[in-house]
Structures are given as structure tokens and as C-alpha cells.
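Encoded as C-alpha cells, the structure appears first; notes follow it.
In the working numbering, the protein residues as written are 28 to 349.
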């Protein structure tokens with residue numbers, strides 16, 4: 028059911044250009060993996076991990092599949108999609124959907140960046156089977172896609188990924204289920220993604236419990252954004268609570284409930300992930316990476332890095348290359 032394909036490319040051949048954007052494949056590194064699904068099932072999940080070399084811009088739209096609805100969960104790198112009616116931009120840790128129609132979208136990924144994202148594709152039959160019985164509140168583009176005789180082209184909305192969705196992406200790449208149950212597991216995740224992205228609340232149609240859940244997720248997302256901006260010198264809990272709009276005690280409880288971890292633990296995770304990126308770049312040694320993410324003690328940094336990333340920081344660049 029799962030097919031993995033890895034391609035390494037270190038060349039950068041020039042190709043003819045179209046609309047000012049190169050048609051070549053200037054990958055310094057590329058790993059693409061079909062995680063689940065096929066055309067017969069009408070669904071598919073793919074993982075993408077590549078790094079673009081030089082100043083060439085990769086035509087992302089070449090990967091789009093006509094006559095389907097695609098959802099992109101973007102972990103790293105920046106991408107843009109343009110349509111006659113407008114455009115959307117994917118930043119790191121954002122997600123959104125789009126309908127390529129008959130190859131009517133133009134999309135590209137920015138150069139000199141590492142790009143990591145997961146794409147989920149849905150056929151019209153699959154979406155009709157699962158969404159037509161739903162009681163309204165579908166996004167306009169999803170509704171048009173279900174009811175039109177020919178698949179329309181269009182752009183949905185871009186949302187910042189919450190902590191739960193970040194965890195789901197990690198699980199999509201490394202399923203926690205038994206091999207025999209993997210089909211059911213992936214189908215469950217696809218249905219959850221549909222519920223998360225393809226519906227929208229209109230006017231006063233938001234129930235009190237839904238509003239409370241949404242506010243909790245928004246507060247958690249705000250805290251994570253604050254921490255990302257201030258890895259080296261994070262503000263005190265009181266300042267974070269003031270910016271998030273609630274008391275520090277309530278914020279701590281909400282954050283732990285939504286993420287399964289405390290704010291200090293999550294901060295350490297973000298720091299180690301950032302340090303890993305710096306070490307991987309080859310431009311920072313261990314001491315410099317530690318200082319960059321706010322550690323003055325090298326021993327404390329090394330201990331935290333080992334616990335989070337599974338190896339000591341000095342060996343991490345070697346581990347990534349192998």
C-alpha cells in the first residue's frame with residue numbers, strides 16, 4: 028500500500044524558461060515518498076523533502092494533479108500559488124488547500140531554501156461520498172468542487188498549523204500503527220484533515236463548545252509564535268499570558284491540555300529543533316548553536332539536545348549526512 032521513492036540530485040542543468048521561471052529541477056537534495064493511497068482509491072498522501080540550489084525557482088505546479096482537491100501541510104520553506112482570481116502564500120507551519128482544475132494554477136517554491144511538506148489529494152468521488160451527507164458549512168471552493176460537472180480551479184484559505192496538526196504531520200511520515208492497521212489509520216487521518224480544513228463557520232453558527240476549543244487553539248498558537256520569536260530570551264509567563272489574553276495559570280493549563288506538554292518543555296523542543304537546523308547548515312559549531320538558542324551552559328545544552336534529538340550535538344551533522 029505504501030511506496031517509497033528517493034532520488035538524490037546534485038546537478039543544476041539549465042532548462043528553457045516559461046513566464047520567467049526556470050523549468051529545470053535544480054535540486055541539491057530531494058526525497059519524495061508516497062505514504063498512502065492510489066488513483067483507484069481516489070486519495071493519496073505524499074511526503075516531500077528537498078533543497079533548492081542556486082537562484083532558480085522550482086515550478087511547484089508541475090507536481091499538481093488535475094481534477095482533484097489538494098491539501099498542503101507546509102513544515103518548512105516558502106511557496107506561492109497564483110490563480111486568475113488571486114493568490115496564496117505558504118509560510119513555514121501553515122496549511123491550506125487548492126483545486127488545480129485543468130492545470131490552471133501557477134505555483135513555485137523559493138530558491139535557496141529547504142522545503143518540507145506533506146500533500147494530501149482527494150478525488151471528487153471520495154469527497155462526495157464523505158461530504159455530501161454533511162450538514163452544510165462547507166468551504167465555498169469545496170462545495171463547488173463537489174457539485175460542478177467539471178473540476179473547478181481555485182484557492183482555499185491558508186491557516187497556521189496548530190500543535191495537534193504538527194504532531195499529525197510527524198505521524199503521517201512515521202505511522203504509529205501496526206502494518207496491518209495502517210490503511211484504517213491513514214483513512215482516519217484523512218477524514219480528520221477534511222474536518223479541519225474543508226469546513227467553515229458562518230455568522231452565529233459557532234457553538235459555545237466549538238468557540239472555546241477554537242479560542243484554546245488560538246491561544247496555544249499565539250504562545251508558540253511568541254516562543255519562536257524569542258528562543259534566546261523568552262519572555263516571562265506573565266508577559267506571554269498578557270499577550271495571549273488570559274491569566275498565566277489558565278494559559279499553562281490550556282497549553283498542557285492542547286499540546287500534551289508544558290510551555291518550558293515545548294520551548295526546549297523548539298530550541299533544539301532550531302539548534303539542529305543551525306548545526307545542519309554547517310555554519311555554526313556546537314557552542315555557537317547553543318548561544319544562538321539561549322544556552323550559556325554547553326553541558327546543559329548537550330544534555331537537552333541528546334534527549335530531544337537522539338544524539339549529541341557534535342555528531343548531529345554527521346548523522347544527517349549519513
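Yeah, the Cβ is synthetic: ideal placement off N, Cα and C, and Gly gets one too.
Predicted model only: the values in this text are computed from it and were never measured.
| Query | Result |
| --- | --- |
| Close Cβ partners of residue 258 (< 7 Å) along its chain, the five nearest in sequence each way excluded | 297, 298, 301, 320, 321 |
| Cβ pair count under 8 Å reaching 3, the segment 147-160 against the segment 112-122 | no |
| Contact under 8 Å by Cβ, residue 136 with residue 104 | yes |
| Exposed unless 16 or more other CB atoms sit within 10 angstroms - verdict on residue 75 | buried |
| Three or more C-beta pairs below 8 Å linking the segment 196-214 and the segment 54-63 | yes |
| Residue 63 in three-state terms, based on DSSP | strand |
| Classification of residue 314 by the beta-carbon crowding that lies within 10 angstroms, buried from 16 upward | exposed |
| Rounded Cβ spacing between residue 130 and residue 93 (contact assumed at less than 8 Å) | 6 Å |
| Cβ-Cβ distance between residue 57 and residue 147 below 8 Å | no |
| Supposed contact pair residue 332 and residue 340 - C-beta distance, whole angstroms, cut 8 Å | 5 Å |
| Where the alpha helix (DSSP H) containing residue 325 begins and where it ends | 325-336 |
| Counterpart residues of residue 82 in DSSP-defined beta bridges | According to DSSP, residue 82 bridges with nothing at all. |
| Cβ-based neighbour list, residue 102, same chain, cut-off 7 Å, excluding 5 preceding and 5 following | 119, 120, 143, 144, 196 |
| Same chain, Cβ closer than 8 Å to residue 334, neighbours up to 5 away in sequence not counted | none |
| Alpha carbon of residue 41 to alpha carbon of residue 124, nearest angstrom | For residue 41, the predicted structure reports a pLDDT of 35, less than 50, and the residue's modelled location is therefore unreliable. A value from the coordinates is still provided. Straight-line Cα distance between these residues: approximately 31 Å. |
| Same chain, Cβ closer than 8 Å to residue 186, neighbours up to 5 away in sequence not counted | 121, 122, 123, 224 |
| Secondary structure of residue 99, DSSP reduced to three states | strand |
| Cβ-Cβ distance between residue 294 and residue 261 below 8 Å | yes |
| First and last residue of the uninterrupted beta strand (DSSP E) at residue 127 | 121-127 |
| Cα-Cα separation between residue 325 and residue 271, rounded to whole angstroms | 32 Å |
| Close beta carbons around residue 213, own chain, < 6 Å, minus the five adjacent residues each side | 63 |
| Simplified DSSP assignment, three categories, for residue 187 | strand |
| Nonlocal neighbours in the same chain, by C-beta distance under 8 Å from residue 265, ignoring five residues either side | 275 |
| Under 8 Å between C-beta atoms of residue 286 and residue 222 | no |
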